[in-house]
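What follows is a set of notes on a single structure, which appears directly below.
2 protein chains.
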Amino acid sequence: MNTQHFSTKERILGAAEQLFARHGFAGASLRQVTAAANVNLAAVNYHFGSKENLINEVFRRRLDDLNAHRLDELDRALQGENTTLEDLLVAFIRPALDLSLDRSGGGAFVRVLARAYAEHNDALRKFLSDNYGHVMKRFHGAFSERLPTLDKEELYWRLDIVAGALTYAMADFGVIKRKSGVSEQAHRERAVEHLIRFAAAGLRAS
Amino acid sequence: MNTQHFSTKERILGAAEQLFARHGFAGASLRQVTAAANVNLAAVNYHFGSKENLINEVFRRRLDDLNAHRLDELDRALQGENTTLEDLLVAFIRPALDLSLDRSGGGAFVRVLARAYAEHNDALRKFLSDNYGHVMKRFHGAFSERLPTLDKEELYWRLDIVAGALTYAMADFGVIKRKSGVSEQAHRERAVEHLIRFAAAGLRAS
DNA sequence: GTAGCATTCAAACGGCCGTTTCAGACCCCT
DNA sequence: AGGGGTCTGAAACGGCCGTTTGAATGCTAC
């Protein structure tokens, strides 16, 4: 992280991600970001135009990949026969888990994402819905086929709950403390196992 | 809200709650708060000592009530016979819903609570766990009796997921847009109905 | 090698931040 | 009427904020 062979832009994005995760968008200043990135203060406005645009770029960098992986996993799950709800949930959740575990700051990003939900910012919401909308639609269709008796609107509500619980689990909001012998990776993986069992049963509720 | 017959302290707490919900703790300034409360800037430091302490008081004012109501509802649910999981979930969730619907800013408070989760601030977490811990323990015991085959740790995970999904639903994080004809109250009530069905099934998962 | 462009740099801009100060207003008690 | 609290008021404190400037630097192409 922040080693010299990354470009100025990349170093800023990495440092911003870390600091936004830790202190929030308003709480992390460009002076902190540029200091952590080992970069001149003016570089942010030179490369990104403004702080707000930097925030957007932090999202764009990760979300494109995340959504592509989700759709890949969905296609792969649908190719097999007798695809279960659990398979679909894994296709949705696994890419988020992988992202949260990657070495280069994905763990910080999932926390930034949770902050974005909390912000309730209209521009950010539109950005997220533009980036997520078509993915949610495809998953909704796949779930719908496997839950033929479930009302379509009810399914939307339940998928929304799953997305919320996933955000919560990935961002480590919960009150469950990580045991000292357990790595952050292992903790998150356990959380996801529980979440998948829970969500599959919740989706099947009559 | 903020009418003159409330005390200066109460007006500050109400305005702070609204603005913290909308802009976050770092994003809402004491100048905005005191202006909205129609109160002198120095009144915050006079009555609360500091901004950080004001934040704590915003929580204390609501959480004591919320937890007391939850325990009341739990006692009432346990007095009946054949108490179901759904009864317990209602005892846990209903007071939060009521709070979110009350006229005097409870809707803002649940969003402030969600912000607190996102903050990941150690002092705030300790404060919340001190205030929530004993409540969670009592609910865990009640759920545990009705789910005798479920591993105790697994139950903790699942209750944590329920709490997360509840926070998510109350704070209206979801992507589901409120339809134009539906009031914010009705929207939240619908969300809770879905959540209870979903959570009951999730808790029962083998 | 030098023109032209992209990038970095230190410094400064006006503006808002949380907090403090201290003078005045208010109110209750004798 | 006057003294002693509690509370409010306007103003100022140093400090950090996001952004802009303009000069210095590096690099590429001729």
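Residue numbers (this note's numbering), protein chains in the order written: chain A, 555 to 760; chain B, 555 to 760.
For each residue, glycine too, the CB sits at the ideal point set by N, CA and C.
Owing to the predicted nature of the structure, the values given are computational and were not obtained by experimental measurement.
Within chain A, the residues Tyr710, Trp711, Asp714 have their CB atoms less than 7 Å from the CB of Ile730 (chain B), given in chain order.
At a cut-off of 9 Å between beta carbons, Leu757 (chain A) contacts chain B. Annotated three-state conformation of Thr562 (chain B) is helix, per DSSP. Between the segment 735-754 of chain A and the segment 672-684 of chain A there are fewer than three inter-stretch CB-CB distances shorter than 8 Å, so the stretches are not counted as touching. Listed along chain A, the residues sitting closer than 9 Å to Arg751 (chain B) by beta-carbon distance are Glu708, Arg712, Gly756, Ala759, Ser760. Within chain B, the residues whose beta carbon sits less than 8 Å from that of His748 (chain A) are Glu708, Trp711, Arg712, Ile715, listed in sequence order. The alpha carbon of Ala582 (chain B) has as its nearest neighbour, out of B:Ser734, B:Lys563, B:Asn592, B:Lys605, the alpha carbon of B:Lys605. Contact between the segment 573-581 of chain A and the segment 624-633 of chain A is absent, with fewer than three C-beta pairs closer than 8 Å. For Val746 (chain A), same chain residues with a beta-carbon under 7 Å away, outside a window of 5 residues either side, are Ile647, Leu651, Ala723 in chain order.
Of all residues in the segment 649-672 of chain A, only Arg665, Ala668, Arg669, Tyr671, Ala672 place a beta-carbon less than 8 Å from a beta-carbon of chain B. With contact defined as three or more Cβ pairs closer than 8 Å, the segment 704-711 of chain B and the segment 633-641 of chain B are not in contact.
The continuous stretches of alpha helix (DSSP H) do not include Thr638 (chain B), and DSSP gives it neither H nor E.
Per the C-alpha coordinates, the member of B:Val593, B:Phe574, B:Arg585, B:Ala575 positioned closest to Glu564 (chain B) is B:Val593. Taking a Cβ-Cβ threshold of 7 Å, none of the residues of chain A is close to Ala740 (chain B); the smallest such distance is about 14 Å.
Contact of Thr721 (chain A) with chain B is assigned, a C-beta pair being separated by under 9 Å.
At least one C-beta of chain A is nearer than 9 Å to the C-beta of Asp726 (chain B).
With the criterion set as a beta carbon lying under 9 Å from some beta carbon of chain A, the members of the segment 575-598 of chain B are Ala575, Arg576, His577, Gly578, Phe579, Ala580, Gly581, Ala582, in sequence order.
Taking 9 Å as the cut-off, the beta carbon of Gly756 (chain A) is found closer than this to the beta carbon of Phe752 (chain B).
Residue contact check for Ala745 (chain B) against chain A: a CB pair falls below 9 Å.
His674 (chain A) belongs to the set of residues whose beta carbon lies under 9 Å from a beta carbon in chain B. Listed along the chain, the chain A residues whose CB falls inside 8 Å of the CB of Gly735 (chain B) amount to none; the nearest CB is some 14 Å away. Spanning the alpha carbons of Thr562 (chain B) and Leu608 (chain B) requires a straight line of approximately 13 Å.
A residue is called buried once 16 or more other Cβ atoms fall within 10 Å of its Cβ, and Thr703 (chain B), having fewer, is exposed. At a cut-off of 9 Å between beta carbons, Gly695 (chain B) makes no contact with chain A. Under the Cβ criterion of 9 Å, Gly718 (chain B) is counted among the residues facing chain A.
Buried is the label assigned to Leu667 (chain A), since at least 16 other Cβ atoms lie within 10 Å of its Cβ.
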